[in-house]
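The structure under discussion appears below in the form of structure tokens.
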Amino acid sequence: MVSPAVSPVTAIEDSSAAVGDALMALIARLYPLPRSLTGRGVRETLAILGELIPLTLSEVPSGSPVYDWEVPKEWTIRDAYIKDASGRRIVDYREHNIHVVGYSVPVRATLDLEDLRPHLHTLPDRPDWIPYRTTYWKETWGFCLSHRTLESLKPGSYEVVVDSSLTDGALTYAECVLPGATTDEVLLFTHTCHPSLCNDNCSGMALATLVAQALAQRPRRYTYRFVFAPGTIGSLTWLSRNEDTVSRVRHGLVLTGFGDPGPFTYKRSRRGDAPIDHIVEYLLERTDGPKANIVDFSPYGYDERQFCSPGFNLPMGRLSRTPYGCYPQYHTSADTLSFISKEQLEGAYALLMRILEVVDADRKLVNTCPKGEPRLGKRGLFRSTGGTGVSNREEAMLWLLNQSDGERSLLDIAKRSGLDFTLIKSSADSLMDCGLLVDPA
Amino acid sequence: MVSPAVSPVTAIEDSSAAVGDALMALIARLYPLPRSLTGRGVRETLAILGELIPLTLSEVPSGSPVYDWEVPKEWTIRDAYIKDASGRRIVDYREHNIHVVGYSVPVRATLDLEDLRPHLHTLPDRPDWIPYRTTYWKETWGFCLSHRTLESLKPGSYEVVVDSSLTDGALTYAECVLPGATTDEVLLFTHTCHPSLCNDNCSGMALATLVAQALAQRPRRYTYRFVFAPGTIGSLTWLSRNEDTVSRVRHGLVLTGFGDPGPFTYKRSRRGDAPIDHIVEYLLERTDGPKANIVDFSPYGYDERQFCSPGFNLPMGRLSRTPYGCYPQYHTSADTLSFISKEQLEGAYALLMRILEVVDADRKLVNTCPKGEPRLGKRGLFRSTGGTGVSNREEAMLWLLNQSDGERSLLDIAKRSGLDFTLIKSSADSLMDCGLLVDPA
Amino acid sequence: MVSPAVSPVTAIEDSSAAVGDALMALIARLYPLPRSLTGRGVRETLAILGELIPLTLSEVPSGSPVYDWEVPKEWTIRDAYIKDASGRRIVDYREHNIHVVGYSVPVRATLDLEDLRPHLHTLPDRPDWIPYRTTYWKETWGFCLSHRTLESLKPGSYEVVVDSSLTDGALTYAECVLPGATTDEVLLFTHTCHPSLCNDNCSGMALATLVAQALAQRPRRYTYRFVFAPGTIGSLTWLSRNEDTVSRVRHGLVLTGFGDPGPFTYKRSRRGDAPIDHIVEYLLERTDGPKANIVDFSPYGYDERQFCSPGFNLPMGRLSRTPYGCYPQYHTSADTLSFISKEQLEGAYALLMRILEVVDADRKLVNTCPKGEPRLGKRGLFRSTGGTGVSNREEAMLWLLNQSDGERSLLDIAKRSGLDFTLIKSSADSLMDCGLLVDPA
């Protein structure tokens, strides 16, 4: 099968550069906020996104049952530090919000270094970076710091303060729903729970927001639902409260990590052959730039774990650049604004817009004149002089008429014919205009 | 899987050479006739074929509805020429019947070269050859000529005459039906509408005729139906008037272009895995000579477009040597008797006879003694001394007994066992003779 | 997919070396006995095996109908020889029991060499070896001898004696049934009809016996049935009298030829994708030593022919080292104790034990908490600090929970995840212990 160059993505209203600037600016606003599973940082984040797109917020009380889990207490962190004997803050939450282990319980104590040591997390191989750690489901506390700082600590006693509280509150998530011609849905999920880490996942939140903003301006066949929620407990909470919606999801993607320098990675749905899998793979094969990675589903990673659990088995893949855990900056203080780039974000925006364009356009049509070929010439769709070859557009129409038996989608036909999807789509439109193809749905 | 050499095709009564001579002689008679979609040339052609095989002719009146089409007016062409100022015929239908564009409307006019020019068709890359063009579905006129002639034309006025008529008449097609033990049919279609072009399609018509003549002398399981009709509108017309027959078609082939120097090309049915696809591919893999091309179905080409439209989706492929459009002589005056050869026609005859032999023999049998192996020795079908190996024939019987559960055909068994189809067939005959295999149909 | 090294086979109670010694000792006892389809040699063989495992014997009278066959007369051989003119026994049954063709009818005659000649079987290519031949189904007689002996015979007359009888008696077979938690069965078949040939099939009988002995000491999910019977007529006889049992067979193997120096060969079941096929192939890919051969089913060989006939189509493959007919010693006097080795037998024992371990463990489980991931941490099955990777055991549990929808077996999950079966199995046990996985059967 030939793989013709894909037609350029021309449908984006904003120029690429403007999109890239907007993505970088939004990420820069989101970066400093102290996000966690719950609490102020998440609410401030969603307020910023809500300036750009219409968001509906949900607050689910602590203790609410969520399948095998329950919504945790809300965590508030005000300050956290370690002071040495001289009273100097040698580890200071105010300098970087990942210095404190997420969901640390409150503590005020003076400890010898040897007693403090088990509460300190570092990266010996990256001695200048601070790791990011959480303790959502076990009541303890800890600090993350550079290994170089740890090594500089002298024996003696240290004052340790975590000025936090764990109280009954709520888990906050937000949805942006863009209604379409049908109530069938396309679900796009991105996690909101990581604090000051840029690629993971300010980039995913920003991309989802600007893509939602662009889609809001367009006619839509499907209803598009963007969900902004914390990882794991957030997607579980959303699922548990939206099982009716889940039954209408036809395609979906988990979005995360789009600003790093790597090529795209697509992780297939658990089904492995869902339409979204075919669409993303088709486009990635035809996208300029470094070759994308296509990986099979596995039950670890981000929230595809929940959407693709056997009780849901949704047709959802995960789109990112370099996957989580596969770049050294992952879950460290090195995941900064300078780690990501405008150009990589622009490329991700163009790809996701193109994916959603094909998602919206792809469908299974039926030839209303299936016995023999209809006479295209009398409808002005075919050359009149016989004996010569056919044009690409005529070829596309012949393929569409031959294959449209309700079992094959436009993308299937594009792949089988080797013709570009855009040509197949516009030819299908012509054939629908004259009634030779219809959508049975 | 081993691929043993196929057994030689010994079943052809006539020697190969005699068949080749007969094919060339028949093509030589057919070549000069002025065929088109309709009219005298087609009727004269069918009269010649009718000398060799029993043909039933159908005349379908102009204007008859045929699905999305209708039967066109009948075209009669008596003369056509372009005269220069000196009165010399510089383009003359009497010299070659492709000089006039097929279905040209009548014209008598004197035109300046610049006004005449849009009606003239040439092949700049092949300046000595005349192209072949038609205008079946648009009422206009034109001439085809060598590019060298065109370039020699001087500015000035030319007398143009097309002495044709387009009148209510009929579309003519012919069928040769050879009844078999069952009313299930094998459909062989070849187009009759091309004028003085040898490979396309005097060769197809001649091959179909001589193969029909040979099959008429043999016992047949299937009923064989050879259809001789014009391309597109002819196959559509036949389909529209034979939907009952269509429902009985179990295998089929479109036949065209067998005399050119190229290797065989088989184009799969739309289904892609119909029995005819497996049979032809199996034999082509085992046929001597240059490697054959196997190509997937596409919805352009010859009448397989109609037979494989989604409303019929017949198990029909297309057999040819070099496909249409893939040799420079295609649809030009260079497709002459000297372009084709006796040897290539002989090879095509041998292959088609062998295909139909396997088509007729292939079937799904059922083992009447399916629990354990039956005792072949007591039926004289197996060696009596144990401890040694098995012969090929014994092996064939064991495969047949093991695999004949009504789901696998003799060809499936030949392929899985790596044993020659002829051996499988004759071993199946032995097992049917003693009742161990039966045909459930 | 990665192929991790398989976990060592640690489950064998006896040390490998002890098993090898025991196998060699048992084979040495079985080797001299004059086995055939029926008679004394078989009964003595089964008596020896019955010292080690509980055996139920069946005696099926001569003449009993068995599908297309009937149980043959019982053959008793007391003596057989050819004497030359000097009275010297030049061929002597007392020296090797394969000197007489199996099932030879009685004869006492003096024949010229030329009349004797058609009754003599040799191996010209292996002039010192005696071939093994039978004439079960044709009443005749013959001798097998070395080609060198044959060539030394001078023209003249020879005294020929076969002191045998063919009388109404019985066909003897034995079963060792080890009941399990379910009445679903694993069927292991090995043939008993070959006389003094070590690899074929004293090795198969010995291996089956010692494996049965070991399995008898263990908890078993399946019921295991070991059948010791003559080839072809023996498996047919067993099948004809056990059709109810047959319907409960979930997995099976024909066992033969484990002592020769070659690598393992597994011949797939007729189905080709039965669970036993997947299990054996999975383990052979991960077994140390020379690469095993995996071959597709074919309807000749040993008793898999009967078990995989279309009327039964059992999920049974055949396990051996070098297949029958593929080593020169096959069916000759060279198949002696020195042809086989303790080490090869040990390897076969380890493999078969491991196969049965996986057969017994493999099953399709169901996640009782299929919506989203259950919270493993609160059950002590997962690390408590977030932000780091997962361990192999955690990974195994995630795979099990994600894939256990009742359609995928533990082996399927091991293969898809690339994790070792042993890890998958023990992780599944943990998840069953806390009720997250259940066996729906």
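Chains as they are written, first to last, in full-length UniProt numbering: chain R, 1 to 441; chain C, 1 to 441; chain D, 1 to 441.
All residues carry an ideal CB built from backbone N, CA and C; glycine is no exception.
**Asked** Quick one: is residue 201 (chain D) buried, meaning 16 or more other Cβ sit within 10 Å of its Cβ, or exposed?
**Response** buried
**Asked** So with Cβ pairs under 7 Å, would you call residue 4 (chain R) a contact of chain D?
**Response** Because the pLDDT at residue 4 (chain R) is just 35, under 50, the model does not fix this residue reliably, and the point stays unresolved.
**Request:** Helix, strand or coil for residue 359 (chain C), going by three-state DSSP, please let me know.
**Result:** helix
**Asked** Quick one: any contact between the region 217–237 of chain R and the region 171–187 of chain R, if contact means 3 or more CB pairs under 8 Å?
**Response** yes
**Item:** Cβ of residue 75 (chain D) within 7 Å of any chain C Cβ
**Value:** no
**Prompt:** Considering only residues of the same chain and omitting the five flanking positions on each side of residue 341 (chain C), which have a CB-CB separation below 8 Å?
**Reply:** 259 and 261
**Prompt:** Nearest-angstrom Cα distance between residue 1 (chain D) and residue 415 (chain D)?
**Reply:** Low local confidence applies: a pLDDT of 31 at residue 1 (chain D) is under 50, so the model's placement there is unreliable, with the coordinate-based value given in what follows. The alpha-carbon atoms of residue 1 (chain D) and residue 415 (chain D) are separated by roughly 8 Å.
**Asked** What residues of chain D sit near residue 317 (chain C), judged by a beta carbon separation below 9 Å?
**Response** Chain D residues near residue 317 (chain C): none, gap ~28 Å exceeds 9 Å.
**Message:** Please state the DSSP three-state secondary structure of residue 129 (chain D).
**Reply:** coil
**Whole-number beta carbon distance between residue 314 (chain D) and residue 246 (chain D), since they are thought to touch under 8 Å** = 7 Å
**Prompt:** How about residue 200 (chain C): is its C-beta nearer than 7 Å to some C-beta of chain D?
**Reply:** no
**Request:** Please list the partners that residue 253 (chain C) has in chain R, where partner means a Cβ-to-Cβ separation under 9 Å.
**Result:** Per Cβ cutoff of 9 Å: no residues; residue 253 (chain C) is ~18 Å from chain R at best.
**Prompt:** Does the ligand HEM have a heavy atom nearer than 6 Å to the CB of residue 35 (chain C)?
**Reply:** The ligand HEM is not part of the structure shown, which contains no ligands of any sort.
**Request:** Could you check which residue in R:21, R:328, R:270 and R:149 has the C-alpha nearest to that of residue 203 (chain R)?
**Result:** R:21
**Request:** Whole angstroms is fine: what's the gap from residue 410 (chain D)'s alpha carbon to residue 271 (chain C)'s?
**Result:** 37 Å
**Prompt:** Since residue 412 (chain D) is in the alpha helix (DSSP H), which residue starts that stretch and which ends it?
**Reply:** 410–417
**Request:** Alpha carbon to alpha carbon, how far is residue 337 (chain C) from residue 44 (chain C)? Give it in angstroms, no decimals.
**Result:** 19 Å
**Asked** Relative to the alpha-carbon of residue 86 (chain C), which residue among C:156, C:58, C:133 and C:34 has its alpha-carbon at the smallest distance?
**Response** C:156
**Item:** Neighbour flag for residue 393 (chain R) against chain C, beta carbons, 7 Å
**Value:** no
**Prompt:** Start and end of the beta strand (DSSP E) containing residue 254 (chain D)?
**Reply:** 249–255
**Message:** Per the DSSP calculation, residue 102 (chain C) is bridged to which residue(s)?
**Reply:** C:134
**Message:** For chain C, check one thing: does any of its Cβ atoms lie closer than 7 Å to the Cβ of residue 60 (chain R)?
**Reply:** no
**Request:** Could you tell me whether any Cβ in chain C is nearer than 7 Å to the Cβ of residue 299 (chain D)?
**Result:** yes
**Near-chain C residues of the region 353–371 of chain R - C-beta to any C-beta below 7 Å** = 367, 369, 370 and 371
**Message:** What ranges does the alpha helix (DSSP H) occupy inside the region 197–229 of chain R, keeping only unbroken runs of at least 4 residues that lie completely in it?
**Reply:** 204–215
**Prompt:** For residue 367 (chain C), which option in C:288, C:177 and C:430 has the closest C-alpha, if you only look at C-alpha atoms?
**Reply:** C:430
**Prompt:** Which runs of the beta strand (DSSP E), 3 residues or longer, sit entirely within the region 326–380 of chain C?
**Reply:** 364–367
**Prompt:** CA-CA distance, residue 436 (chain D) and residue 369 (chain D)?
**Reply:** 6 Å
**Asked** Would a check of beta-carbon distances place residue 69 (chain R) closer than 7 Å to chain C?
**Response** no
**Item:** Three or more C-beta pairs below 8 Å linking the region 320–338 of chain C and the region 115–130 of chain C
**Value:** yes
**Request:** Report yes or no: is there a C-beta of chain C within less than 7 Å of the C-beta of residue 236 (chain D)?
**Result:** yes
**Asked** Could you give the distance in angstroms between the alpha-carbon of residue 57 (chain R) and the alpha-carbon of residue 365 (chain D)?
**Response** 39 Å
**Message:** Tell me the DSSP secondary structure of residue 183 (chain C) in three-state form.
**Reply:** coil
**Message:** Against chain R, with Cβ distances strictly below 7 Å, would residue 124 (chain C) count as a contact?
**Reply:** no
**Item:** Residue range of the unbroken beta strand (DSSP E) whose run includes residue 430 (chain R)
**Value:** Note, residue 430 (chain R): premise wrong, no beta strand (DSSP E); alpha helix (DSSP H) at 421–433.
**Message:** Measuring alpha carbon to alpha carbon, tell me which residue in D:84, D:75 and D:48 is nearest residue 25 (chain D).
**Reply:** D:48
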